[in-house]
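Before any comments, here is the structure.
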Amino acid sequence: MENKERQALVIRKYRQYLKLEKGLSKNTEDAYFTDLAKLVHFLEGEGISVFDVKPDDLQRFNAGMHDIGIHPRSQTRILSGIKSFFHFLVLADYREDDPAELLEGPKIGFHLPEVLTVEEIDRIIDAIDLSKAEGQRNRAILETLYSCGLRVSELCGLKLSDLYLDESFVRVTGKGNKQRLVPISPRAIKELKYWFMDRNTTWRIKPGNEDYVFLARWGNAISRIQVFQLVKELASKAGITKNISPHTFRHSFATHLLEGGANLRAIQCMLGHESIATTEIYTHIDRNMLRSEIIEHHPRNIKYREEKGS
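Per the numbering used here: the sequence shown ends with 404, consecutive numbering throughout.
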């Protein structure tokens, strides 16, 4: 078998490995392959196969990305995919050495995510027109995003069978199909129950979509783009000038918990971060405030206790 055919076969096997062994989402899998294609294209121009790559070849590829102005964060993502590929080659006995082992990405400056105040979140939710058919659904979406700190893909994939509202928990399927249990606030539960009344009486649900919590107007599961557009539209309506997205509710969830005194490890579990280092971006607020458990410190829970006088 010629080297080029062998290389194409190995790349197909690598894709199978990502799908079956690593359990990556379709988006992540596609991103890995788009990035690997950049390296393969570079190596073809140099007359080098993936079996003969040396560390110096990868350093030249890395330097080339910098020279053409690829953003440092994108460089880091691309190098992460390349490291994964060469790790697979060693694991599958296609190579004895790993030329990417010492490959280093660019230094990325510290960046704090945009965060909404509790008052701004209330303004956005209050901007929802409840006279519209999707009004109550939209309230339930935003309260669930903020109450549970979900990624937008996690929200869109949430199913009725994932809800344990009597126990005040939801089961979330995150990156790599890893599942976690996340507490949900009484206010979010209330808005969900109101939404289910509408959902069960006035919404037509397309076959195969019956188990999805949040539906689009035409009866199938709501998409990430639709949630993004919803957040943008409501923020504009509420006079919020910050550049926000559904992910901003996740950042705000983590920040408000930390400000309230929640433990960083607890926040890590709620967000589904594999590494505590990912969560530590929120510790710019005050490390001395890390004291109690998560459910005691979310603004929605505090407000609920005050209303109940407990």
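Every residue, glycine too, gets a C-beta built ideally from N, C-alpha and C.
To which residues of the same chain is residue i closer than 7 Å at the C-beta, ignoring the five residues directly before and after it?
i: I215; result: Y240 and S346
i: D380; result: A caution first: D380 carries a pLDDT of 41, below 50, which makes its placement in the model unreliable, though a value can still be read off. Within the same chain, D380 has no close Cβ partners at all.
i: S178; result: Y126
i: A419; result: Outside the modelled stretch of the chain, which goes from 95 to 404, sits residue 419, for which no answer is possible.
i: L328; result: I218, A221 and I222
Roughly how many whole angstroms lie between the Cα atoms of residue i and residue j?
i: N97; j: D187; result: 16 Å
i: P200; j: M364; result: 29 Å
i: A282; j: T238; result: 6 Å
i: F322; j: I338; result: 9 Å
i: D124; j: G270; result: 14 Å
i: R167; j: L173; result: 10 Å
i: G163; j: R171; result: 15 Å
i: A348; j: H341; result: 11 Å
i: L137; j: E99; result: 15 Å
i: A360; j: F263; result: 15 Å
i: K331; j: L224; result: 14 Å
i: P280; j: E400; result: 12 Å
i: R344; j: R231; result: 19 Å
i: D150; j: G139; result: 15 Å
i: P393; j: T211; result: 10 Å
i: D305; j: Q362; result: 28 Å
i: V325; j: D192; result: 44 Å
i: G243; j: A131; result: 34 Å
i: I334; j: L236; result: 15 Å
i: V147; j: D260; result: 57 Å
i: L384; j: E353; result: Per-residue confidence for L384 stands at a pLDDT of 36, beneath the threshold of 50, marking its modelled position as unreliable; no derived number is given.
i: N294; j: H367; result: 35 Å
i: L114; j: V104; result: 15 Å
i: L351; j: W297; result: 35 Å
i: R189; j: T122; result: 25 Å
Determine which residues share a DSSP beta bridge with residue i and list them.
i: A329; result: BP columns for A329 are empty, so no partner.
i: Q153; result: Answer is none; Q153 lacks a bridge partner.
i: Y258; result: F263
i: P277; result: F263
i: Y306; result: K253
i: A315; result: L309
For residue i, I'd like the list of residues in its chain whose CB is within less than 6 Å of its CB, leaving aside the five on either flank, ordered along the chain.
i: V266; result: E248, R274 and V276
i: N382; result: Confidence in N382 is poor, its pLDDT being 38 and thus under 50, which makes the residue's placement too unreliable to answer from.
i: D256; result: V264 and R265
i: D129; result: I172 and G175
i: Q101; result: S143 and V144
Could you round the C-beta distance between residue i and residue j to whole angstroms and report it? I think they count as a contact, below 8 Å.
i: L185; j: V144; result: So it is not a contact: roughly 14 Å between Cβ atoms.
i: I218; j: R233; result: Not really, about 10 Å apart at Cβ, beyond 8 Å.
i: K336; j: E198; result: Their Cβ separation, rounded to whole angstroms, is 34 Å, which puts K336 and E198 out of contact at 8 Å.
i: L309; j: I299; result: 6 Å
Can you find the residues in the same chain that come closer than 8 Å, C-beta to C-beta, to residue i, ignoring five residues on each side of it along the sequence?
i: R311; result: A227 and E228
i: Q169; result: N156, M159, H160, G199 and P200
i: D292; result: A227, Q230 and R231
If we count Cβ pairs, one from each stretch, closer than 8 Å, do we get three or more for the segment 99-114 versus the segment 151-159?
-> no
Within the chosen definition, does the segment 250-259 reach the segment 315-332 through at least 3 CB pairs nearer than 8 Å?
-> yes
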